[in-house]
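S.K.: Input: one structure, supplied below.
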Amino acid sequence: MTIHPTSIEELADALHSAAASGKQISGWELSSLPRSIVHHASDLTVTLTSNVHLAELQSKLAPHRQWLPIDPLSEISPTIEQILSSNLSGPRRYGFGTIREHILGVTVMLANGRVIHSGGQVVKNVAGFDLCKLFIGSRGNLGIILEATFKLRPFPESEKLFACQCSSLSEADAVINTLISAPIAPVILDLHNLSSSNHWQIVIGLAGATEDVAWQAAILQSVGEFKASNDHYLDAAIRQIPNINATHSVLPSQLCQVLALLPKGPVLVHAGNGIIRNGTTDTVPVASSVSGLLKRLKSEFDPVDIFGRL
Amino acid sequence: MKLVPTHVVRQLEETVGKANVIAQPDELIVYECDAYTLERNAPQAVVLPGSTDEVAEAVRICAAHRLPIIPRGAGTSLSGTVLAVDGGIVVATTRMNQVLSIDPRNRRALVEPGCVNIWVTRAAQHHGLHYAPDPSSQMACTIGGNIATNSGGPHTLKYGVTTNHILGFQMVLPDGQIVWLGTEPNGGEDTPGPDLRGAAIGSEGMFGIVTQALLRLTPIPQEYRTMLAVFETVEDASHAVSQIIASGIVPAALEMMDGLIIQAVEERYGFGFPLDARAILIIELDGLRAGLGRQAEQATSFCLGNNAREVRQAQTEKERNELWKCRKRAFGAVGKLSPNFMTHDGVVPRSKLPEMMRFISDVSARYGMQIPNVFHAGDGNLHPLILYNERDPSQIQRAIAAGHEILRKCIQLGGSVTGEHGIGVEKIDFMAEQFTPDDLDAMRALRKVFDPEEHCNPHKMFPGAMRCADFVQRKQIPA
Chain D
416 MTIHPTSIEE LADALHSAAA SGKQISGWEL SSLPRSIVHH ASDLTVTLTS NVHLAELQSK
476 LAPHRQWLPI DPLSEISPTI EQILSSNLSG PRRYGFGTIR EHILGVTVML ANGRVIHSGG
536 QVVKNVAGFD LCKLFIGSRG NLGIILEATF KLRPFPESEK LFACQCSSLS EADAVINTLI
596 SAPIAPVILD LHNLSSSNHW QIVIGLAGAT EDVAWQAAIL QSVGEFKASN DHYLDAAIRQ
656 IPNINATHSV LPSQLCQVLA LLPKGPVLVH AGNGIIRNGT TDTVPVASSV SGLLKRLKSE
716 FDPVDIFGRL
Chain B
358 MKLVPTHVVR QLEETVGKAN VIAQPDELIV YECDAYTLER NAPQAVVLPG STDEVAEAVR
418 ICAAHRLPII PRGAGTSLSG TVLAVDGGIV VATTRMNQVL SIDPRNRRAL VEPGCVNIWV
478 TRAAQHHGLH YAPDPSSQMA CTIGGNIATN SGGPHTLKYG VTTNHILGFQ MVLPDGQIVW
538 LGTEPNGGED TPGPDLRGAA IGSEGMFGIV TQALLRLTPI PQEYRTMLAV FETVEDASHA
598 VSQIIASGIV PAALEMMDGL IIQAVEERYG FGFPLDARAI LIIELDGLRA GLGRQAEQAT
658 SFCLGNNARE VRQAQTEKER NELWKCRKRA FGAVGKLSPN FMTHDGVVPR SKLPEMMRFI
718 SDVSARYGMQ IPNVFHAGDG NLHPLILYNE RDPSQIQRAI AAGHEILRKC IQLGGSVTGE
778 HGIGVEKIDF MAEQFTPDDL DAMRALRKVF DPEEHCNPHK MFPGAMRCAD FVQRKQIPA
């Protein structure tokens, strides 16, 4: 059953009747719920409803030269709810981290229809348990995220991308290792092969004060043949890699070993983080000790199982 | 004091060795409180395990005898987090204190829970890396304790708090089961499913005992610009803070000390602070050399624009270290001003700092209590130190009441009663003011996931918890 509530009350009613009738809710569309974006520019925070699309948020923040430093890959800008529940991320996670690093507070409707809050609107807060984290990556199986508060970042004064061609994976590996130990602080460190040839391209993104970006760009030249570039490879990756948000996550230093074993095909890698996007995902078995915790989590938060399996 | 049955002591001794069980009442006094000293109660015994398996076995023994388990690191917590409210067994991780490995390529450190915070940076610095969270107690506090309380510190303004630097950890659950939450050593950083690691960070020792932790290491900045701005009023300094943050500069740290603190710190450490200053800001910028100069000029101009009398820059690394030593040991210097003090760590939105500082000075006047302030201004994270003398019961009462007014104001301004010290036993009464009954129920539900029996660090955080006997007595002293 998919629900399309027009008010919070209606959403709660839908959850109640699902629980009463023993039906599972397979999906929800929150676009008809009230929407709001409350931007506290001088505090560098924003509180918004989860049905807001990221692009809408960023364009509202842009005149203040602020942004939520997250750049998930998808054709249509995802909603805040999608970003949180699927833990979506993009190339700039190398510089800024994933959404868990930015969340300050969350409002969630639990399976019992009650609305709960965790965290708050201030940048530092350790009152109570950190339930915010629980809902990140939970794929809507513990509750429905209604609102969130994030800390924001000032726009970097300058951002420049550079790319370097490598004729083999082992050459790319060597360049990446040199970049990691160089005195630079990139915000993007990507590697891609979207042509299925042996040619790999390293993309590096530098951001910050204009002087910082220029100084780092000069260092790049001593590492490899880096040329000014742009982020068009991301659009190409979205077009060529089906299911772009399926990822493999490996120890960054083992990346090239793992890549060599993957079947040929278009691939985008966030090399600094060890994240591989080739349309497939490895099914890592959850340790049995953790699966016990997950089972209890499910039975505490959704005892009649209206949201489906964790 | 409750005694622990001798056969239980014997079982614990068989597990960790006779030398690593403390059950003599006179020796247990050391463990009767943390840095929050208003409430004290000794545990029934203290166990000092040397390995994860020993922790698990000790925990199983406690569980079998229904004895409360109180995880403990260095005991530097500030809100009674490690207080044995109703007795129980303290499991202290101080013997498990090794840095197990540093992986510079992947910027990770694997450490034992009793490893002191600063040791991680010491082990990593020759690779050009450091562990970013730097609580003021970093020379003593442990990584396990940092995880339990999601510790902060001055440099969290730019780098984030403990949760932003913990990739994963091994934890012994209150039933003795050993789990690994989050990124595993040599594993990829993303793990499927809900972020249980994140949910357990800051759980104040109520979810289990951390026995190993995988930390994120951060490159040491190429350069620092550490500035000292001297103001005639706290309000001017607060305005400067708000403007620096709003301007888009992300300082590594932005700390304020008010006049009383400046005097105490100067008397103790003789740094050369102007004794007549009413407020000092320590502004630290870090990063690449190229862009720092211009940012430093910008920050300076915001200070001067808010009537700063002077803005000095630390000229040498030694001077920078001295300055930070003064800041981080400021609490210690307060001993010069008063026999006792109570610290709070409420948070307000940064733009509300001027209003909040006015409120604190008003409270100070109304209660006739001195309240110096030394705090993480850039985060809006206050540290009013309410001075009192515990020999005068009316002062204790007034100090408690003044603190409560300040915390209520934080909630009213859209903030939180605690930014880094935690709820512990100290701020239990505020949970119901900051959260709804449903919010608290959800937290209780999460606790049950990790500890269905609720015997790990009991009587903390939730309203209605049992208090120490001698605290009740103190509360009843008429004001």
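Here the protein sequences line up with chains D and B, keeping their order.
Counting from 416, one number per residue, gives the positions in the first sequence under the numbering used here.
Counting from 358, one number per residue, gives the positions in the second sequence under the numbering used here.
We put the beta carbon where it would ideally sit given N, CA and C, even for glycine.
Between the C-alpha atoms of Pro428 (chain B) and Pro470 (chain B), what's the straight-line distance to the nearest angstrom?
M.R.: Numbered from its first residue, the second sequence carries residue 428 (chain B) at position 71. Numbered from its first residue, the second sequence carries residue 470 (chain B) at position 113. Those two C-alpha atoms are separated by around 11 Å.
S.K.: In its own chain, which residues sit with a C-beta less than 6 Å from the C-beta of Val719 (chain D), not counting the 5 before and 5 after it?
M.R.: Along the first sequence, one-based indexing puts residue 719 (chain D) at 304. The residues are Ala434.
S.K.: Rank D:Lys539, D:His647, D:Leu483 and D:Gly442 by C-alpha distance to the C-alpha of His607 (chain D) and give the top, closest one.
M.R.: Counted from its first residue, the first sequence places residue 607 (chain D) at position 192. It is D:His647 whose Cα lies nearest to the Cα of His607 (chain D).
S.K.: In terms of residue numbering, what span does the alpha helix (DSSP H) encompassing Val673 (chain D) cover?
M.R.: Translated into positions along the first sequence, residue 673 (chain D) becomes position 258. Residues Leu670 to Leu676.
S.K.: For Lys642 (chain D), report the span of its beta strand (DSSP E) as first-last.
M.R.: As a working mapping, residue 642 (chain D) is identified with position 227 in the first sequence. Start and end: Lys642 to Ser644.
S.K.: Given a limit of 9 Å on CB to CB distance, which residues of the stretch 448-464 of chain D reach chain B?
M.R.: His455, Ala456, Ser457, Asp458, Leu459 and Thr460
S.K.: Please list, in chain order, the chain D residues whose beta carbon lies closer than 8 Å to that of Val607 (chain B).
M.R.: On the second sequence, position 250 is the one that residue 607 (chain B) refers to. Arg568 and Pro569, listed in chain order.
S.K.: So for Asp428 (chain D), helix, strand or coil by DSSP?
M.R.: Taking the first sequence and counting its residues from 1, the one referred to as residue 428 (chain D) is at position 13. Looking at Asp428 (chain D) - three-state DSSP - the assignment turns out to be helix.
S.K.: Any idea what DSSP makes of Val638 (chain D), helix, strand or coil?
M.R.: Locating residue 638 (chain D) in the first sequence gives position 223, counting from the first residue. In this structure, Val638 (chain D) counts as helix in the three-state DSSP scheme.
S.K.: Whose CA, out of B:Ser434, B:Ser508 and B:Asp552, lies closest to the CA of Cys547 (chain D)?
M.R.: In the first sequence, the residue the question calls residue 547 (chain D) occupies position 132. Checked all of B:Ser434, B:Ser508 and B:Asp552; the closest Cα to Cys547 (chain D) is B:Asp552.
S.K.: Output yes or no for whether 8 Å exceeds the beta carbon distance between Pro511 (chain B) and Ala621 (chain B).
M.R.: If you number the second sequence from 1, residue 511 (chain B) lands on position 154. If you number the second sequence from 1, residue 621 (chain B) lands on position 264. No, Cβ-Cβ distance for Pro511 (chain B) and Ala621 (chain B) is not below 8 Å.
S.K.: So, are the CB atoms of Cys498 (chain B) and Thr409 (chain B) less than 8 Å apart?
M.R.: Your numbering for residue 498 (chain B) matches position 141 in the second sequence. Your numbering for residue 409 (chain B) matches position 52 in the second sequence. Between Cys498 (chain B) and Thr409 (chain B), the CB-CB gap reaches or exceeds 8 Å.
S.K.: Does DSSP put His685 (chain D) in a helix, a strand or coil?
M.R.: Position 270 of the first sequence holds residue 685 (chain D). If DSSP states are grouped into helix, strand and coil, His685 (chain D) belongs with the strands.
S.K.: Between which two residues does the alpha helix (DSSP H) containing Tyr626 (chain B) stretch?
M.R.: Within the second sequence, the letter at position 269 stands for residue 626 (chain B). Tyr626 (chain B) -> alpha helix (DSSP H) spans Gly616 to Tyr626.
S.K.: Touch check for the stretch 529-547 of chain D and the stretch 782-795 of chain B: three-plus C-beta pairs under 8 Å?
M.R.: yes
S.K.: Give the straight-line distance between the Cα atoms of Ser436 (chain D) and Leu430 (chain D), rounded to the nearest whole angstrom.
M.R.: Locating residue 436 (chain D) in the first sequence gives position 21, where the first residue counts as 1. Locating residue 430 (chain D) in the first sequence gives position 15, where the first residue counts as 1. For Ser436 (chain D) and Leu430 (chain D), the distance between alpha carbons rounds to 10 Å.
S.K.: Can you say whether Glu783 (chain B) is buried or exposed, counting buried as having 16 or more other CB atoms within 10 angstroms of its CB?
M.R.: As a position in the second sequence, residue 783 (chain B) is number 426, starting the count at 1. For Glu783 (chain B), the number of other beta carbons within 10 angstroms of its own is at least 16, and it is reported as buried.
S.K.: Sorted by chain position, which residues of the same chain lie with C-beta nearer than 6 Å to Leu742 (chain B)'s C-beta, five sequence neighbours on each side aside?
M.R.: As a working mapping, residue 742 (chain B) is identified with position 385 in the second sequence. Correct list, in chain order: Val691, Phe698, Thr700 and Pro729.
S.K.: Thinking C-beta only, is Ile558 (chain B) closer than 8 Å to Ile535 (chain B)?
M.R.: Looking up residue 535 (chain B) in the second sequence gives position 178. Looking up residue 558 (chain B) in the second sequence gives position 201. No. Outside cutoff.
S.K.: With DSSP as the reference, identify every bridge partner of Glu580 (chain B), one or two as the case may be.
M.R.: Counting from 1 along the second sequence, the entry for residue 580 (chain B) is found at position 223. B:Gly644, per the DSSP bridge assignment.
S.K.: Quick check on Lys405 (chain D): buried or exposed, where buried means 16 or more other Cβ atoms within 10 Å of its Cβ?
M.R.: Residue numbering for chain D in the displayed model covers 416 to 725; residue 405 (chain D) lies beyond these limits and cannot be assessed.
S.K.: In chain D, what lies closer than 8 Å to Pro706 (chain B) by C-beta?
M.R.: Here residue 706 (chain B) refers to the residue found at position 349 of the second sequence. Neighbours of Pro706 (chain B) on chain D, chain order: His455, Asp458, Thr460, Gln536 and Val537.
S.K.: For the alpha helix (DSSP H) holding Gly555 (chain B), just list the boundary residues, first then last.
M.R.: If you number the second sequence from 1, residue 555 (chain B) lands on position 198. Gly555 (chain B) -> alpha helix (DSSP H) spans Leu553 to Ala557.
S.K.: Do the CB positions of Gly776 (chain B) and Asp736 (chain B) come within less than 8 Å of each other?
M.R.: Numbered from 1 along the second sequence, position 419 holds the residue referred to as residue 776 (chain B). Numbered from 1 along the second sequence, position 379 holds the residue referred to as residue 736 (chain B). Yes, they are a contact pair.
S.K.: Straight-line CA distance for Thr593 (chain D) to Leu503 (chain D)?
M.R.: Translated into positions along the first sequence, residue 593 (chain D) becomes position 178. Translated into positions along the first sequence, residue 503 (chain D) becomes position 88. If you draw a straight line from the Cα of Thr593 (chain D) to the Cα of Leu503 (chain D), it is about 28 Å long.
S.K.: Take Ala653 (chain B) and list the residues in its own chain whose beta-carbon comes closer than 8 Å to its own, dropping the five residues that flank it on each side.
M.R.: Numbered from 1 along the second sequence, position 296 holds the residue referred to as residue 653 (chain B). If we look at Ala653 (chain B) and ignore the five residues flanking it on each side, its Cβ neighbours are Arg582, Met584, Leu642 and Gln670.
S.K.: Does the beta carbon of Phe577 (chain D) come closer than 8 Å to any beta carbon on chain B?
M.R.: Position 162 of the first sequence holds residue 577 (chain D). It does not: the Cβ of Phe577 (chain D) has no partner Cβ on chain B nearer than 8 Å.
S.K.: Taking just the CA atoms, how far does Trp443 (chain D) sit from Arg554 (chain D)?
M.R.: Residue 554 (chain D) sits at position 139 when you count from the first residue of the first sequence. Residue 443 (chain D) sits at position 28 when you count from the first residue of the first sequence. If I take the Cα positions, the gap works out to 12 Å.
S.K.: Does Lys685 (chain B) pass the burial test, meaning 16 or more other C-beta atoms within 10 Å, or should it be called exposed?
M.R.: Reading the second sequence from its first residue, position 328 is the one you call residue 685 (chain B). Buried.
S.K.: Taking the straight line between their C-alpha atoms, what separation do you get for Gln481 (chain D) and Thr564 (chain D)?
M.R.: Locating residue 481 (chain D) in the first sequence gives position 66, where the first residue counts as 1. Locating residue 564 (chain D) in the first sequence gives position 149, where the first residue counts as 1. Looking at the backbone, the Cα of Gln481 (chain D) and that of Thr564 (chain D) are separated by about 15 Å.
S.K.: Any Cβ of chain B within less than 8 Å of the Cβ of Pro667 (chain D)?
M.R.: As a position in the first sequence, residue 667 (chain D) is number 252, starting the count at 1. Under the Cβ distance rule, Pro667 (chain D) counts among the residues neighbouring chain B, one pair being separated by less than 8 Å.
S.K.: Identify whether Gln833 (chain B) lies in helix, strand or coil by the three-state DSSP scheme.
M.R.: Within the second sequence, residue 833 (chain B) is the residue found at index 476, counting from 1. Confidence in Gln833 (chain B) is poor, its pLDDT being 37 and thus under 50, which makes the residue's placement too unreliable to answer from.
S.K.: Since His487 (chain B) and Thr478 (chain B) are thought to touch, with beta carbons under 8 Å apart, how far apart are those beta carbons, to the nearest angstrom?
M.R.: Here residue 487 (chain B) refers to the residue found at position 130 when the second sequence is read from its first residue. Here residue 478 (chain B) refers to the residue found at position 121 when the second sequence is read from its first residue. Between His487 (chain B) and Thr478 (chain B), the beta carbon gap of about 4 Å places them in contact (Cβ cut-off 8 Å).
S.K.: With 8 Å set as the bound, which would you pick, yes or no: does the beta-carbon of Thr494 (chain D) sit closer than that to a beta-carbon of chain B?
M.R.: As a working note, residue 494 (chain D) is residue 79 in the first sequence. No, no contact with chain B.
S.K.: Please list the partners that Gln579 (chain B) has in chain D, where partner means a Cβ-to-Cβ separation under 8 Å.
M.R.: Translated into the one-based positions of the second sequence, residue 579 (chain B) becomes position 222. Per Cβ cutoff of 8 Å: Pro598.
S.K.: According to the Cβ coordinates, are Ile514 (chain D) and Leu525 (chain D) closer than 8 Å?
M.R.: As a working mapping, residue 514 (chain D) is identified with position 99 in the first sequence. As a working mapping, residue 525 (chain D) is identified with position 110 in the first sequence. The answer is no: Cβ separation not under 8 Å.
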